[in-house]
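Residue numbers (UniProt numbering): 1 to 167.
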Ligand SMILES: [Zn+2]
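Encoded structure:
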């Protein structure tokens, strides 16, 4: 296992742990997207890996704008989010062949949102035999695959979206 010293990642990870900064806004500002595990950035949203994943391939889609609920988002933002959700499910199906998916949002602290000021959509591939959804979005657990490996697997898929955009 390789550990590279990257000041940005350190800042990103420590902020995420302290929850003093918004990780989605940090990720949006991230110059080197790999340092923040950003898989894709589009007009209104970004797709990134969850730093504290529940399963391999646990990712999140968040608006670029710092807004707390979908009520504050435009329909266009939400439409793009839905498009990215569909693509993400497709990509994970191709890579992980999971038995199913959980897709969901925790809106507001009382609903379990870790970063309640910036809403985001969780997408998790699921396999037969792992535990239930209620535990899923509030727990952190160790998973067998390193984040970097997950990132390298998924990134080429999201890069096809960029290519398609330019064609
Ligand atoms: Zn934010």
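Here a beta-carbon is modelled for each residue, glycine too, at the ideal position from N, C-alpha and C.
Three-way DSSP call (helix, strand, coil) for residue i in this model
i           : result
residue 147 : helix
residue 158 : helix
residue 165 : helix
residue 220 : Given a span of 1 to 167 for the chain in the structure shown, any question on residue 220 remains unanswerable.
Pairwise C-alpha distance: residue j and residue i
i           : j           : result
residue 134 : residue 106 : With a pLDDT of 44 at residue 134, under the threshold of 50, the predicted position of this residue should be treated as unreliable, and no value is reported.
residue 80  : residue 45  : 7 Å
residue 171 : residue 59  : Only positions 1 to 167 of the chain appear in the structure, and residue 171 is not among them; the question remains open.
residue 64  : residue 115 : 14 Å
residue 35  : residue 55  : 20 Å
residue 99  : residue 29  : 35 Å
residue 84  : residue 70  : 15 Å
residue 37  : residue 57  : 12 Å
residue 160 : residue 129 : 32 Å
residue 72  : residue 127 : 34 Å
residue 88  : residue 32  : 21 Å
residue 162 : residue 43  : 11 Å
residue 157 : residue 47  : 12 Å
residue 97  : residue 67  : 33 Å
residue 145 : residue 104 : 22 Å
Distance CB(residue i)-CB(residue j) smaller than 7 Å
i          : j           : result
residue 39 : residue 147 : no
residue 22 : residue 122 : no
residue 91 : residue 62  : no
residue 78 : residue 102 : no
heavy atom of ligand 2 below 6 Å from residue i C-beta
i          : result
residue 97 : Judged by which ligands are present, ligand 2 is missing from the structure shown, whose ligands are ligand 1.
Strictly closer than 7 Å from CB to any heavy atom of ligand 1: give me those residues in the order they appear in the chain. Result: 22, 24, 25, 66, 117 and 118.
Contiguous alpha helix (DSSP H) assignments of at least 4 residues, all confined to the UniProt domain "HIT" (23–133): Whole alpha helix (DSSP H) segments, 4+ residues: 23–29 and 75–96.
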